[in-house]
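Under the working numbering, the sequence shown has 943 at position 39, and the numbering climbs by one with no breaks.
For glycine and all other residues, C-beta sits at the position ideal for the given N, C-alpha and C.
In this text, all values refer to a predicted model and were calculated from it rather than measured experimentally.
Heads up: the structure comes next, in structure tokens.
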Amino acid sequence: MEPIFFEVVLESEDLLTAGFESRDEIEEPLEKALAQSGLGEVTGGGSGMGKAIIDVEISLDVSLDDALVFLRETLQRLRVPRSTLIKRHVPQEQVFSIY
905 MEPIFFEVVL ESEDLLTAGF ESRDEIEEPL EKALAQSGLG EVTGGGSGMG
955 KAIIDVEISL DVSLDDALVF LRETLQRLRV PRSTLIKRHV PQEQVFSIY
């Protein structure tokens, strides 16, 4: 099994409306939760063109379904905006909702 790479995609305007000043307020607790669980890590991120993106790498031995459950539960606990999406680009483009 290979690692699974995701992008957590947040709409910048929706972040502000939800009370977040920057993606760091989501990225840091997500990174901590991933580290504590041993499931993976945040590998980067960025902002621009109305979006904020957090890059996530999930460990080799974690299934896609388990990774999605963990990410959804963690992001819901953080109360991310409903417009937030999880994207996977390899082996094919897939888009998953948070809620």
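When the five nearest sequence neighbours on each side are left out, the beta carbons in the same chain lying within less than 6 Å of the beta carbon of I957 are those of E911, V913, G949 and G950, in order along the chain.
In this structure, the straight-line span from the alpha carbon of I1002 to that of S987 is close to 8 Å. V912 has I958 and I990 as its beta-bridge partners, per DSSP. Under the three-state reduction of DSSP, V966 is assigned to coil, being neither helix nor strand. Judged by DSSP secondary structure, E945 falls within the beta strand (DSSP E) whose first and last residues are G944 to G952.
Annotated three-state conformation of S941 is helix, per DSSP. Restricting attention to L934, F974 and R983, the CA atom closest to the CA of G923 is found in R983. Judged by DSSP in its simplified three-state form, F974 adopts helix.
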